[in-house]
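Keeping their order, the protein sequence lines are chains A and B. The numbering of the first sequence is our numbering, which starts it at 2 and goes up by one. The numbering of the second sequence is our numbering, which starts it at 198 and goes up by one.
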Amino acid sequence: MCSLCGIIGGRDHWTDSAASPAAFSSRQQRHTWHRERQTRTRLLNAVLRPYGLSLKDWSGNAYILRGRTGQTAIINNLGELWAEAERLSRRDCDPLDPALLATLSQRGN
Amino acid sequence: MADYASLTGLNVVTGFLGSGKTTLLQGLLRSPRLRDTAVLINEFGEVGLDHQLLQHVSETTLLLDNGCLCCAVRGDLQEALRDLLSQRSRGTIPYFSRVVIETSGLADPVPIAYTLLADPVIQHHFRLGNIVATVDAVSAGHTLDNYPESVKQIAVADRLILTKVDMADAQEVSSLCARLRRLNGSAPILQLAPGAAPDDGLLLDDIYRHEGKAREIDNWLRASGPDADGPLGHEHGSDVHSFTVRVDRPLDWTAFGIWLTMLLNRHGENILRVKGLLNVVDVATPVLINGVQHIVHPPSHLDVWPDDDRRSRLIFIVRGLDEAKIRASLDVFNALANPDVQARLSGRVPVDVGDR
Numbered sequence: 002m003c004s005l006c007g008i009i010g011g012r013d014h015w016t017d018s019a020a021s022p023a024a025f026s027s028r029q030q031r032h033t034w035h036r037e038r039q040t041r042t043r044l045l046n047a048v049l050r051p052y053g054l055s056l057k058d059w060s061g062n063a064y065i066l067r068g069r070t071g072q073t074a075i076i077n078n079l080g081e082l083w084a085e086a087e088r089l090s091r092r093d094c095d096p097l098d099p100a101l102l103a104t105l106s107q108r109g110n
Numbered sequence: 198m199a200d201y202a203s204l205t206g207l208n209v210v211t212g213f214l215g216s217g218k219t220t221l222l223q224g225l226l227r228s229p230r231l232r233d234t235a236v237l238i239n240e241f242g243e244v245g246l247d248h249q250l251l252q253h254v255s256e257t258t259l260l261l262d263n264g265c266l267c268c269a270v271r272g273d274l275q276e277a278l279r280d281l282l283s284q285r286s287r288g289t290i291p292y293f294s295r296v297v298i299e300t301s302g303l304a305d306p307v308p309i310a311y312t313l314l315a316d317p318v319i320q321h322h323f324r325l326g327n328i329v330a331t332v333d334a335v336s337a338g339h340t341l342d343n344y345p346e347s348v349k350q351i352a353v354a355d356r357l358i359l360t361k362v363d364m365a366d367a368q369e370v371s372s373l374c375a376r377l378r379r380l381n382g383s384a385p386i387l388q389l390a391p392g393a394a395p396d397d398g399l400l401l402d403d404i405y406r407h408e409g410k411a412r413e414i415d416n417w418l419r420a421s422g423p424d425a426d427g428p429l430g431h432e433h434g435s436d437v438h439s440f441t442v443r444v445d446r447p448l449d450w451t452a453f454g455i456w457l458t459m460l461l462n463r464h465g466e467n468i469l470r471v472k473g474l475l476n477v478v479d480v481a482t483p484v485l486i487n488g489v490q491h492i493v494h495p496p497s498h499l500d501v502w503p504d505d506d507r508r509s510r511l512i513f514i515v516r517g518l519d520e521a522k523i524r525a526s527l528d529v530f531n532a533l534a535n536p537d538v539q540a541r542l543s544g545r546v547p548v549d550v551g552d553r
């Protein structure tokens with residue numbers, strides 16, 4: 002926990018490349034933990050938007066997930082995100098859902 | 198967290214009732230290289246185990262409020278591993294450098310993997326090694342037809358050990374092997390001859406050990422087949438099947454993590470295993486991933502590509518999931534990370550997604 006702001010630090014998660022430096026040791030360009038979080042937040046917002054959700058990075062320690070009605074949830078990593086996203090949106094967040102894929106494809110092509 | 202590869206490996210020996218788990222373990226523990234192994238067993242069978250670091254655990258499972266059956270903490274294992282750690286650090290038991298747990302014949306091995314990652318103390322000291330499943334060559338056909346537990350044990354295994362082959366008809370063994378291959382294309386099938394010493398590499402070589410990594414990847418690649426995407430096999434009368442997804446375009450690691458966590462959250466109960474050799478954007482060497490149902494272990498890497506093929510290869514063992522949908526979904530998520538697309542991601546496109 003950060004002694005200044007009281008934020009509980011996130012636990013390592015397999016999706017954080019900084020948590021497995023050996024696996025990414027042959028990276029060719031400079032890569033920062035901060036940039037990875039920025040990219041993750043941006044991509045997640047694209048995926049979460051169809052569910053009426055948005056996500057913000059909270060001081061690099063956690064993420065704040067927000068629903069349409071203003072309900073929020075603090076999550077530490079991607080391992081915790083999807084269950085909370087389903088709870089706030091009251092929908093199944095399914096990456097195989099053709100409607101979701103159609104929407105994302107409009108952005109991806 | 199310490200380097201994942203340096204943690205104490207925990208191997209699982211599973212298999213249906215009477216399939217020869219203890220006999221296999223007995224043979225393995227005779228190897229001098231496995232002398233420093235702590236053994237946890239769930240039930241005392243007819244075959245006695247004589248080992249200095251042997252402990253009985255009672256297989257109590259604590260189901261989490263929001264979890265499926267695989268996301269359960271094995272309370273007995275949690276306690277036993279913490280106890281072993283404590284005794285090892287105090288020097289009250291001989292030093293051990295790996296643990297083997299022998300499950301009961303009806304046990305689901307997946308909560309063991311979950312327990313390793315869910316416990317805040319244990320996750321810093323132990324990692325999952327190989328899951329070895331014994332298969333009785335005489336009765337496996339009947340067992341697989343009637344007990345879904347045995348199908349799961351085989352589907353999640355890293356190694357399949359055929360026992361009692363000398364008592365089975367050669368034709369039956371051959372068709373059983375074909376059936377096992379359909380259920381789990383990436384686990385080598387090894388035969389255990391009566392009285393023969395099993396290969397101690399069953400416990401020593403795994404994807405996280407430098408010595409065993411290349412051999413393990415060979416197993417994966419052999420399973421994924423030489424050419425195009427497609428099914429590795431489909432088990433008649435069962436929804437369990439395996440297939441390989443190959444991706445031409447390098448994968449963006451961040452997009453891949455978003456996709457796989459989302460997929461496992463919704464479909465993890467039906468994704469029994471996922472193994473991947475990934476070509477990740479900006480990373481020169483292949484990144485390896487290894488998952489069991491909802492659980493994905495920290496990624497590792499290979500020092501060099503094993504062949505000329507630079508496509509990412511993902512091997513799935515699933516229950517009733519559509520291969521084409523998984524491939525299409527991964528492509529869409531990976532395309533999101535394209536730099537041109539990222540620049541446009543601020544646009545808002547309304548969409549309806551299905552209600553529950």
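Think of the CB as a built atom: it goes at the ideal place given N, C-alpha and C, for glycine as much as any other residue. This one's a predicted model, so the numbers in the text were calculated from it and none came from an experiment.
Straight-line gap, residue i to residue j (C-alpha atoms, nearest Å)
{"i": "L214(B)", "j": "T458(B)", "result": "34 Å"}
{"i": "S336(B)", "j": "V370(B)", "result": "10 Å"}
{"i": "R376(B)", "j": "D333(B)", "result": "13 Å"}
{"i": "P391(B)", "j": "D342(B)", "result": "26 Å"}
{"i": "R524(B)", "j": "P483(B)", "result": "20 Å"}
{"i": "G526(B)", "j": "D93(A)", "result": "Strictly speaking, residue 526(B) in this sequence is Ser, with Gly absent from that position. Their backbone Cα atoms lie some 16 Å apart in a straight line."}
{"i": "N535(B)", "j": "F293(B)", "result": "48 Å"}
{"i": "D366(B)", "j": "R230(B)", "result": "34 Å"}
{"i": "N531(B)", "j": "A100(A)", "result": "17 Å"}
{"i": "L518(B)", "j": "R91(A)", "result": "23 Å"}
{"i": "D98(A)", "j": "Q107(A)", "result": "15 Å"}
{"i": "V353(B)", "j": "D436(B)", "result": "14 Å"}
{"i": "S372(B)", "j": "S18(A)", "result": "43 Å"}
{"i": "T211(B)", "j": "D58(A)", "result": "42 Å"}
Sub-8 Å separation of residue i and residue j beta-carbons
{"i": "H32(A)", "j": "G61(A)", "result": "no"}
{"i": "L207(B)", "j": "R324(B)", "result": "yes"}
{"i": "V489(B)", "j": "R510(B)", "result": "no"}
{"i": "A202(B)", "j": "S497(B)", "result": "yes"}
{"i": "R40(A)", "j": "T451(B)", "result": "The sequence shown places Thr at residue 40(A), rather than the Arg named in the question. For T40(A) and T451(B), yes; Cβs fall inside 8 Å."}
{"i": "A47(A)", "j": "N462(B)", "result": "no"}
{"i": "I486(B)", "j": "W417(B)", "result": "no"}
{"i": "V318(B)", "j": "V209(B)", "result": "no"}
{"i": "E299(B)", "j": "N239(B)", "result": "yes"}
{"i": "V296(B)", "j": "A235(B)", "result": "yes"}
{"i": "N381(B)", "j": "I351(B)", "result": "yes"}
{"i": "G454(B)", "j": "H491(B)", "result": "no"}
{"i": "L82(A)", "j": "G68(A)", "result": "no"}
Per-residue DSSP class, three states only, for residue i
{"i": "R379(B)", "result": "helix"}
{"i": "A74(A)", "result": "strand"}
{"i": "Q29(A)", "result": "coil"}
{"i": "P496(B)", "result": "strand"}
{"i": "N263(B)", "result": "Confidence is the limiting factor: at N263(B) the pLDDT is only 45, short of 50, which leaves the residue's position unreliable and the question unanswerable from this model."}
{"i": "T258(B)", "result": "Confidence at T258(B) is low in this model, with a pLDDT of 49, below 50, so its placement is unreliable and the value that follows should be read with caution. Strand, per DSSP."}
{"i": "D403(B)", "result": "coil"}
{"i": "G206(B)", "result": "strand"}
{"i": "K361(B)", "result": "coil"}
{"i": "T451(B)", "result": "helix"}
{"i": "T289(B)", "result": "coil"}
{"i": "S138(A)", "result": "Residue 138(A) lies beyond the range of chain A shown here (2 to 110); nothing can be said about it."}
{"i": "D479(B)", "result": "coil"}
{"i": "R132(A)", "result": "With chain A represented from 2 up to 110, any question about residue 132(A) goes unanswered, as that position is not in the structure."}
{"i": "Q490(B)", "result": "coil"}
Close Cβ partners of residue i (< 7 Å) along its chain, the five nearest in sequence each way excluded
{"i": "K410(B)", "result": "I404 and L499"}
{"i": "A20(A)", "result": "D13 and H14"}
{"i": "G288(B)", "result": "none"}
Cut-off 8 Å between Cβ atoms - residues of its own chain near residue i, not counting five sequence neighbours on either side
{"i": "L204(B)", "result": "H321, H322, F323 and R324"}
{"i": "D504(B)", "result": "L418"}
{"i": "E408(B)", "result": "L401 and D402"}
{"i": "W502(B)", "result": "T482 and P483"}
{"i": "C374(B)", "result": "L359 and I386"}
Contact belief for residue i with residue j at Cβ below 8 Å, rounded distance in angstroms
{"i": "T16(A)", "j": "P51(A)", "result": "In fact, because the Cβ distance is near 21 Å, the residues do not count as touching under 8 Å."}
{"i": "A24(A)", "j": "D200(B)", "result": "Actually they are not in contact, since the Cβ atoms of A24(A) and D200(B) sit about 10 Å apart, beyond 8 Å."}
{"i": "L49(A)", "j": "A86(A)", "result": "6 Å"}
{"i": "P66(A)", "j": "L89(A)", "result": "Note on residue identity: the sequence assigns Leu, not Pro, to residue 66(A). Indeed they touch by this definition, with Cβ atoms about 6 Å apart."}
{"i": "L399(B)", "j": "L225(B)", "result": "6 Å"}
{"i": "E346(B)", "j": "D396(B)", "result": "The Cβ separation is near 26 Å, so there is no contact."}
{"i": "V529(B)", "j": "I468(B)", "result": "Actually they do not touch by this definition, with Cβ atoms about 18 Å apart."}
{"i": "R443(B)", "j": "R507(B)", "result": "Not confirmed; about 10 Å, so no contact."}
{"i": "G217(B)", "j": "K349(B)", "result": "About 18 Å separates the two Cβ atoms, so there is no contact after all."}
Own chain residues within Cβ distance below 6 Å of residue i, not counting five before or after
{"i": "P447(B)", "result": "N476 and V478"}
{"i": "L357(B)", "result": "A330, V332, L377, A384 and I386"}
{"i": "E520(B)", "result": "F440"}
{"i": "R28(A)", "result": "none"}
{"i": "T312(B)", "result": "V270, R271, L274 and Q275"}
Chain-ordered chain E contacts of residue i [CB-CB under 7 Å]
{"i": "D95(A)", "result": "In the structure shown, chain E cannot be found, because the protein chains are A and B."}
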